[in-house]
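A quick write-up on the structure given underneath.
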Amino acid sequence: MTTEVILGRINELLQHILRELDGDMTAAAILRIKELLRQIVGELERAGLRRLSSTRTAGQDYLDLSDGRFVPASSEAMARLRETTAEETREDEECAVCLKSYEEGVEISAMPCSHEFHDGCIRRWLAISRLCPLCRFALQA
109 MTTEVILGRI
119 NELLQHILRE
129 LDGDMTAAAI
139 LRIKELLRQI
149 VGELERAGLR
159 RLSSTRTAGQ
169 DYLDLSDGRF
179 VPASSEAMAR
189 LRETTAEETR
199 EDEECAVCLK
209 SYEEGVEISA
219 MPCSHEFHDG
229 CIRRWLAISR
239 LCPLCRFALQ
249 A
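Set out below in C-alpha cells:
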C-alpha cells in the first residue's frame, strides 16, 4: 500500500469521525479521535512506514506523528474565511464534511482554495486540521 493510499484512507477516516461527532467536541470525543489515530499510526508502523520522510509530509500536516497531535488552523486564518449565506436551497451540492445539502439561509464559508462548507462544519474541522477536507490546501497553523 502506497503512502498516498494510506493518507487518503486517513482523510476518509477523519471525515467520517467529524460526521459522526456532528458537533460533539467533548473531551471524550477528542480522546476517541486520538485513540483511532494511534491505531492508524500503529498500522503505518506495521506496514514498514515508520518514517514517511525526513521532511514535512502531507500526513504530518494532519497529525504530528511524534506526539499524536493534530495541526489546527490559526484563528487568524479562520477569521479570513469568506462567509456567505445560501440564497436558495442547493440540493445538488453538499458539504463534504457533513454530507448534507445547503439549505436556504444557512451560513457557508469558503476556504482560499474556493471549496465551500457549512460554516460550523468547516470551523470544527479547522479546529482539528488546517487542511481543506477536499484538496488538502493548508491554512496557516
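With the numbering used here, letter number 92 in the sequence shown gets 200, and the count goes up by one each step, no holes. Just so you know, even glycine gets a beta-carbon here, dropped at the ideal spot from N, CA and C.
Candidates 200, 220, 223 and 139, of which the one nearest residue 212 by Cα: Out of 200, 220, 223 and 139, 200 has the C-alpha closest to the C-alpha of residue 212.
Beta-carbon contacts of residue 91 that lie in its chain and below 6 Å, excluding the five residues immediately before and after: Any property of residue 91 remains undetermined from this structure, which presents the chain solely from 109 to 249.
Other residues of its chain near residue 241: CB distance less than 7 Å, five sequence neighbours each side excluded: Cβ within range, chain order: 123, 204, 205 and 233.
Nonlocal neighbours in the same chain, by C-beta distance under 8 Å from residue 193, ignoring five residues either side: Leaving aside the five residues that flank residue 193 on each side, the residues in its chain whose CB is nearer than 8 Å to its CB run, in chain order, 213, 214, 215 and 216.
Helix, strand or coil at residue 184 according to DSSP, with G and I counted as helix: Three-state DSSP puts residue 184 in a helix.
Own chain partners of residue 185 with C-beta closer than 6 Å, once the 5 adjacent residues on each side are dropped: Here the set comprises 247 and 248.
Three-state secondary structure assigned by DSSP to residue 117: It is helical.
Buried or exposed (CB count within 10 angstroms, at least 16 for buried), residue 145: By the 10 Å Cβ count, residue 145 comes out buried.
Local Cβ density within 10 Å of residue 195, reported as buried at 16 or more and exposed below that: Residue 195 is exposed by the Cβ-count criterion.
Beta-ladder partner(s) of residue 217, from DSSP: Answer is 191 and 225, bridged to residue 217.
Straight-line Cα distance separating residue 230 from residue 221: Note on geometry: alpha-carbon atoms of residue 221 and residue 230 lie some 13 Å from one another.
Paired residues, beta bridge with residue 202 - DSSP: DSSP output for residue 202 lists 209 as bridge partner(s).
Length of the line joining the Cα atoms of residue 148 and residue 118: Whole-angstrom Cα-Cα distance: 8 Å.
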